[in-house]
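Peer 1: There's a structure below that I have some questions on.
Residue numbers (my numbering), protein chains in the order written: chain A, 619 to 913; chain B, -1 to 231.
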């Protein structure tokens, strides 16, 4: 399985923020969820991928071709194979939906006007409405329609579902699932809405303070991991049991006791059958990994 | 470049039409009040190039359009060249509309010499005056952008507006000081002006000014491309 996107040891230094040694990849046929708190470095990483900023170190490869330091023209050619959606609809406000479609037709060699109209119809986007007349959700749908209608191999979505209501988000996820029916494609999807990623992602990469904290298959979180709810005595028993390697136990104290992140739910349940154990989700996993104490 | 031109021209279509209507009204009022249709062409060219230009540059920063545009398959050089192309086209369209309006006003003044407002505009304009006005319109409508666009390419519109007046504030006293120091015009300047008033002189001078503006535009465009390629978003 080749990588549509591969980032290796990416570095970018600002006065108040450093992106350090960021590595991640989007293999063909997979959706990579890119998570992290505000200002963690998600958008900076995406900007480096798209050539909006120049990295200070490391490399970015698109479709097997290194683009760090590549001529602008080459990067522009590779962008023919990428669809991008940001958290706002960025098209000039004066343009109508139909006009946006016509302009994209000028941009992309593979632009499919029929597919654009189909998406516009499915998303209930009136072709004669201008961008400024669209609601935030409708604007996002227009961006998504544009990103999909040129048949890209790689979608880069930066908080693309942030402005959508739950039904519209579900609709957008269905569209992305359809897009992924072709296994030669892939998606890098940065999002705060971890429940969306649970529905669609194959891998989860978490960044914090400009560094990758974890990069795992989603099933490792949702199928294998768990969160044990321990009382004080139970917590000490677990900590002293040797079940976790020293320093590997992540925990977070709360009103009712202590939550402990368990990498293997079944093994933990077999060892500590009396301790309440829930399935982990991406949010609890991320919270314990980022904010939890280590023991 | 063609794609960027299309982006700009389609985005500017509405504002260009409204500015054209406004330009027609303003240039007619000024023509009547100054009793000459000579100013119609420059007003139309300047209004179109400046108002459309400022609108497009301002749109770049709305909703992160400038940043998003860079995710499309356009090189930064394509974007800058397209933007320069838009300004040239807007200037020429303004000039063409101005020329047409001048011809209509003059034609009406000839047809109705007794009409109170039109009578003052029936004075014939020589081809040399018209050519000089056309060339001056092109030069003046482009000169602001030739200075402003490299700054916009480097800093974006919001920051560039802090520097653009500064550039003019520095250039203006410098020009004034040079003019004051120069004293009476030297003989070759007097000769040049006299020669420029001849038919051959007008044509050669007009071509020379156009060539100079073209070279300046190319240099400004090259500089803008270099600056834009270095900019981070």
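Yeah, the Cβ is synthetic: ideal placement off N, Cα and C, and Gly gets one too.
Could you give the distance in angstroms between the alpha-carbon of residue 59 of chain B and the alpha-carbon of residue 2 of chain B?
Peer 2: In the second chain, counting from the first residue as 1, residue 59 of chain B sits at position 61. In the second chain, counting from the first residue as 1, residue 2 of chain B sits at position 4. Answer to the nearest angstrom: the Cα atoms are 16 Å apart.
Peer 1: Indicate whether residue 659 of chain A and residue 819 of chain A have their beta-carbon atoms separated by less than 8 Å.
Peer 2: Position 41 of the first chain, counting from 1, holds the residue named residue 659 of chain A. Position 201 of the first chain, counting from 1, holds the residue named residue 819 of chain A. Taking 8 Å as the Cβ cut-off, residue 659 of chain A and residue 819 of chain A do not qualify as a contacting pair.
Peer 1: In whole angstroms, what is the alpha-carbon distance linking residue 644 of chain A and residue 714 of chain A?
Peer 2: Stepping through the first chain from its first residue, residue 644 of chain A is reached at position 26. Stepping through the first chain from its first residue, residue 714 of chain A is reached at position 96. C-alpha separation (whole angstroms): 34 Å.
Peer 1: By the DSSP assignment, the alpha helix (DSSP H) with residue 914 of chain A in it spans what residues?
Peer 2: This structure leaves residue 914 of chain A out entirely; chain A is present only between 619 and 913.
Peer 1: Return no unless some Cβ of chain B is closer than 8 Å to the Cβ of residue 671 of chain A.
Peer 2: Locating residue 671 of chain A in the first chain gives position 53, counting from the first residue. It does; some Cβ of chain B falls within 8 Å.
Peer 1: Could you check whether the stretch 836 to 853 of chain A touches the stretch 869 to 882 of chain A, counting it as contact only if at least three pairs of C-beta atoms, one from each stretch, sit closer than 8 Å?
Peer 2: Verdict: yes, contact present.
Peer 1: Tell me the residue span of the beta strand (DSSP E) that contains residue 807 of chain A.
Peer 2: Locating residue 807 of chain A in the first chain gives position 189, where the first residue counts as 1. Residue 807 of chain A -> beta strand (DSSP E) spans 804 to 808.
Peer 1: Checking 8 Å against the spacing of the C-beta atoms, do residue 25 of chain B and residue 96 of chain B come in under that value?
Peer 2: Here residue 25 of chain B refers to the residue found at position 27 when the second chain is read from its first residue. Here residue 96 of chain B refers to the residue found at position 98 when the second chain is read from its first residue. Yes, the pair counts as a contact, with Cβ atoms nearer than the cut-off.
Peer 1: By alpha-carbon positions, which one of A:852, A:803, A:782 and A:633 ends up nearest to residue 648 of chain A?
Peer 2: One-based indexing of the first chain puts residue 648 of chain A at position 30. That would be A:803, whose Cα lies nearest to the Cα of residue 648 of chain A.
Peer 1: Hey, quick one: how far does the alpha helix (DSSP H) through residue 220 of chain B stretch, first residue to last?
Peer 2: The sequence position of residue 220 of chain B within the second chain is 222, counting from 1. First-last of the alpha helix (DSSP H) with residue 220 of chain B: 197 to 228.
Peer 1: Report yes if the C-beta distance between residue 206 of chain B and residue 139 of chain B is below 8 Å; otherwise report no.
Peer 2: Mapped onto the second chain, residue 206 of chain B falls at position 208. Mapped onto the second chain, residue 139 of chain B falls at position 141. Their beta carbons are not under 8 Å apart, which means residue 206 of chain B does not touch residue 139 of chain B by this criterion.
Peer 1: Assign residue 768 of chain A to one of three DSSP states: helix, strand, or coil.
Peer 2: Residue numbering aside, residue 768 of chain A sits at position 150 when the first chain is read from its first letter. Note: residue 768 of chain A maps to coil in three-state DSSP.
Peer 1: Who are residue 645 of chain A's beta bridge partners in DSSP?
Peer 2: For the purposes of this step, residue 645 of chain A is taken as residue 27 along the first chain, with counting starting at 1. Per DSSP, A:621.
Peer 1: For residue 157 of chain B, which of B:41, B:33, B:55 and B:4 has the nearest alpha-carbon?
Peer 2: Start at 1 with the first residue of the second chain, and residue 157 of chain B comes out as number 159. Comparing Cα positions, the closest option is B:55.
Peer 1: Mind reading off the beta-carbon distance from residue 39 of chain B to residue 100 of chain B? Whole number of angstroms is fine, and I expect it under 8 Å.
Peer 2: Within the second chain, residue 39 of chain B is the residue found at index 41, counting from 1. Within the second chain, residue 100 of chain B is the residue found at index 102, counting from 1. Rounded, the Cβ-Cβ distance is 6 Å, consistent with contact.
Peer 1: With 8 Å set as the bound, which would you pick, yes or no: does the beta-carbon of residue 70 of chain B sit closer than that to a beta-carbon of chain A?
Peer 2: The residue given as residue 70 of chain B occupies position 72 in the second chain. It does: the Cβ of residue 70 of chain B has a partner Cβ on chain A nearer than 8 Å.
Peer 1: For residue 756 of chain A versus residue 773 of chain A, is the C-beta distance shorter than 8 Å?
Peer 2: Counting from 1 along the first chain, the entry for residue 756 of chain A is found at position 138. Counting from 1 along the first chain, the entry for residue 773 of chain A is found at position 155. No, the pair does not count as a contact, with Cβ atoms beyond the cut-off.
Peer 1: If we count Cβ pairs, one from each stretch, closer than 8 Å, do we get three or more for the stretch 854 to 861 of chain A versus the stretch 833 to 845 of chain A?
Peer 2: Judged by Cβ distances under 8 Å, the stretch 854 to 861 of chain A makes no contact with the stretch 833 to 845 of chain A, as fewer than three pairs qualify.
Peer 1: At 8 Å on the CB atoms, spell out the chain B contacts of residue 668 of chain A, in chain order.
Peer 2: Within the first chain, residue 668 of chain A is the residue found at index 50, counting from 1. Correct list: 68 and 69.
Peer 1: If you scan the stretch 713 to 773 of chain A from start to end, which runs of the alpha helix (DSSP H) of 4 or more residues do you find wholly inside it?
Peer 2: Runs found: 715 to 725, 731 to 740 and 754 to 766.
Peer 1: Give a yes or no on whether the C-beta atoms belonging to residue 71 of chain B and residue 695 of chain A are separated by under 8 Å.
Peer 2: The residue given as residue 71 of chain B occupies position 73 in the second chain. The residue given as residue 695 of chain A occupies position 77 in the first chain. Yes, the pair counts as a contact, with Cβ atoms nearer than the cut-off.
Peer 1: Sorted by chain position, which residues of the same chain lie with C-beta nearer than 6 Å to residue 786 of chain A's C-beta, five sequence neighbours on each side aside?
Peer 2: Reading the first chain from its first residue, position 168 is the one you call residue 786 of chain A. 755, listed in sequence order.
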